[in-house]
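If you read the sequence shown in the working numbering, its first letter stands for residue 1000, the second for the next number, and so on. One structure below.
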Amino acid sequence: MKTMNSDEQVLAVRELTVEYPQGRGRDPLRAVDKVTFDIAQGETLGLVGESGSGKSTIGRAILGLVSPTAGSIEFGGQDITRAGNRERRALSQDLQVIFQDPYSSLNPSRTIGTTLAESLRLHPELSKGQVRDRAAEVLGRVGLPRTAIDRFPSNFSGGQRQRIAIARALMVEPRLVICDEPVSALDLSVQAQVLNLLSELQREFNLGYLFVAHDLDVVRHLSHRIIVLFGGQVMEEGPAEAVYSKPLHPYTKALLDAAPVPDPVLQAARRTRREQLPIVSGAGQPAGCPFATRCPHALPVCHSERPTMEVTPAGTSVACHRWRDLNSVPTLELPDRKISHAR
Ligand SMILES: Nc1ncnc2c1ncn2[C@@H]1O[C@H](COP(=O)(O)OP(=O)(O)OP(=O)(O)O)[C@@H](O)[C@H]1O
Ligand SMILES: [Mg+2]
């Protein structure tokens, strides 16, 4: 068993920038722009933002599936920003992933046992029997019968397949699991079961999660901290409860307004506010706040200058030129607490 303290930092991402080439004559697309965060052992960081905001790209950079343009990624104190194949293989003992689509993430021609055994390929010292026992143990832990070992993915439902993907991630006793929208493709009732399972497993094995979702509701109960991403940049971040109860960035408010609420009056008010948000696409690389083109409160400065992250009285950080006046927070309250993206 690996030993670990619950407050031990596992992942440190600093000013991560990832650009994708866009073909000849075109500027590269900056999918992630100077994103900084940490994840501690046993902690869930929820990464939320609409489609195209760069969530998966951050996960892919941590997993080494895309190469960062700038910035750094440390795992367990080791710089893995440009880790080579051998280093990546060793890292796979501690860093695992669960993808969104349980249909394409499992090889259809392999039995579940073969898929799970593959996770232990760096342990040639284990006998076939030991590997099989471990697979059965882990399958039991995610709520599947031992007999699943000899069956194929096509024998299972979407929710069961996602349990198998979780079992595969757990085979090696990882410290951090990148969960890229792991429940978005599942029915609502199954979503809740899988989220509960992830939450139980976190407590039992002290797992860290980077939990990617479109929707603030999905990450609400699982996340200790939340990052709200837009256009590859962090708009707001902080303890989950503070971000939910006192959202200060217009984009976070809009995201919360997008979640269904049981009260029809409240829902109608939210819908009106949402409809006031103009939709502008193909914005390119903005000099200012990436949300400015869609923000109903944008001033000229919002289009020309990127706002810095500022610490708020709610204990969150927000990147918005207007967060104080929009939320009636006097400027004098926190005179010296301006922080930069570099932190
Ligand atoms: N391989 C790629 N080549 C070029 N551009 C890419 C590539 N992958 C992603 N992009 C672009 O980078 C941006 C961020 O994409 P990313 O997949 O990280 O967003 P996301 O937040 O995960 O979105 P979704 O919620 O739809 O999964 C998007 O504009 C996307 O079109
Ligand atoms: Mg994605």
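Heads up, the beta-carbon is just placed ideally off N, CA and C, and yes, glycines get one too. Since the model is a prediction, treat every value here as computed from it, not as a measurement.
{"query": "Provide the residue(s) that pair with Tyr-1243 in DSSP beta bridges, ordered along the chain.", "result": "Tyr-1243 pairs with nothing; no bridge assigned."}
{"query": "Do the segment 1096-1105 and the segment 1074-1085 make contact, defined as three or more Cβ pairs closer than 8 Å?", "result": "no"}
{"query": "Could you give the first and the last residue of the continuous beta strand (DSSP E) run that contains Cys-1178?", "result": "1175-1179"}
{"query": "Can we count His-1213 as close to ligand 1, meaning its CB is less than 7 Å from some heavy atom?", "result": "yes"}
{"query": "Quick check: Gly-1207 and Ile-1057, are their CB atoms within less than 8 Å of each other?", "result": "no"}
{"query": "Identify every run of the beta strand (DSSP E) within the segment 1125-1161, keeping only runs that are complete inside it and at least 3 residues long; order them along the chain.", "result": "none"}
{"query": "To which residues of the same chain is Glu-1018 closer than 8 Å at the C-beta, ignoring the five residues directly before and after it?", "result": "Pro-1027, Leu-1028, Arg-1029, Ala-1030 and Thr-1068"}
{"query": "Tell me the rounded alpha-carbon separation between Ile-1163 and Arg-1140.", "result": "10 Å"}
{"query": "Mapping DSSP to helix, strand and coil, what is Pro-1249?", "result": "helix"}
{"query": "Identify the continuous alpha helix (DSSP H) that holds Glu-1236 and give its terminal residues.", "result": "First-last for Glu-1236: 1232-1238, but that is the beta strand (DSSP E), not the alpha helix (DSSP H)."}
{"query": "By the DSSP assignment, the alpha helix (DSSP H) with Ile-1226 in it spans what residues?", "result": "No alpha helix (DSSP H) contains Ile-1226, which is instead part of the beta strand (DSSP E) from 1224-1229."}
{"query": "Check for me: the beta strand (DSSP E) holding Glu-1016 runs from which residue to which?", "result": "Per the sequence presented here, residue 1016 reads as Thr, with Glu not at that position. Taken as a continuous stretch (DSSP letters only), the beta strand (DSSP E) holding Thr-1016 covers 1008-1019."}
{"query": "Do Leu-1215 and Val-1034 count as a contact pair if the criterion is CB distance below 8 Å?", "result": "no"}
{"query": "Please find out if some non-hydrogen atom of ligand 2 comes closer than 7 Å to the beta-carbon of Ser-1055.", "result": "yes"}
{"query": "Provide the residue span of the beta strand (DSSP E) that contains Val-1211, from first to last.", "result": "1207-1212"}
{"query": "Suppose the cutoff is 6 Å on Cβ atoms and the five residues either side in sequence are ignored; what does the same chain contact list for Cys-1294 look like?", "result": "Pro-1249"}
{"query": "Taking 7 Å as the cut-off, is the C-beta of Gly-1051 nearer than that to any heavy atom in ligand 1?", "result": "yes"}
{"query": "Bridge partners for Glu-1073 per DSSP, in chain order?", "result": "Ala-1011 and Asp-1078"}
{"query": "Measuring only the C-alpha atoms, how far is Pro-1091 from Asp-1149?", "result": "Note that residue 1091 corresponds to Ser in the displayed sequence, not to Pro. Their Cα atoms are separated by approximately 25 Å."}
{"query": "DSSP on Gln-1092, reduced to helix/strand/coil?", "result": "coil"}
{"query": "With Arg-1029 as the anchor, note down where its alpha helix (DSSP H) starts and where it stops.", "result": "Counting along the chain, Arg-1029 falls outside any alpha helix (DSSP H), though it belongs to the beta strand (DSSP E) covering 1028-1039."}
{"query": "What does the alpha-carbon distance come out to for the pair Gly-1281 and Ser-1126?", "result": "Because Gly-1281 carries a pLDDT of 41, less than 50, the predicted location of this residue cannot be relied on, and the following value inherits that uncertainty. Straight-line Cα distance between these residues: approximately 55 Å."}
{"query": "Would you mind stating whether Arg-1236 and Val-1227 have Cβ atoms separated by less than 8 Å?", "result": "In the sequence under discussion, the amino acid at residue 1236 is Glu, which differs from the Arg named in the question. Contact: yes."}
{"query": "Are Leu-1247 and Val-1310 touching if we call contact CB-CB under 8 Å?", "result": "no"}
{"query": "Does the distance from the C-beta atom of Pro-1289 to that of Phe-1229 stay below 8 Å?", "result": "yes"}
{"query": "Using only the alpha-carbon positions, how far apart do Val-1279 and Val-1217 sit?", "result": "For Val-1279, the predicted structure reports a pLDDT of 41, less than 50, and the residue's modelled location is therefore unreliable. A value from the coordinates is still provided. So the alpha carbons of these two residues sit roughly 26 Å apart."}
{"query": "Taking contact to mean at least 3 C-beta pairs separated by less than 8 Å, is the segment 1184-1198 in contact with the segment 1103-1115?", "result": "no"}
{"query": "Exposed or buried, what is Gln-1021 when buried is set at 16 or more other beta-carbons lying within 10 Å of its beta-carbon?", "result": "exposed"}
{"query": "For Ser-1316, list the residues DSSP reports as bridge partners.", "result": "Glu-1236 and Val-1310"}
{"query": "So, using beta-carbon positions, are Arg-1224 and Leu-1044 closer together than 8 Å?", "result": "yes"}
{"query": "Just to confirm, are Pro-1173 and Asp-1256 a CB contact at a threshold of 8 Å?", "result": "no"}
{"query": "Taking Cβ positions, are Leu-1221 and Phe-1210 nearer each other than 8 Å?", "result": "yes"}
{"query": "Let me know the secondary structure DSSP gives Val-1047 once reduced to three states.", "result": "strand"}
{"query": "Against chain C, does Asp-1216 count as a neighbour if the rule is that its beta carbon must be under 8 Å from one of theirs?", "result": "Checking the listed chains, one finds no chain C in this structure; it contains a single protein chain."}
{"query": "Tell me which same chain residues have a C-beta within less than 8 Å of the C-beta of Gly-1128, skipping the five on either side of it?", "result": "none"}
{"query": "Thinking C-beta only, is Leu-1119 closer than 8 Å to Val-1176?", "result": "no"}
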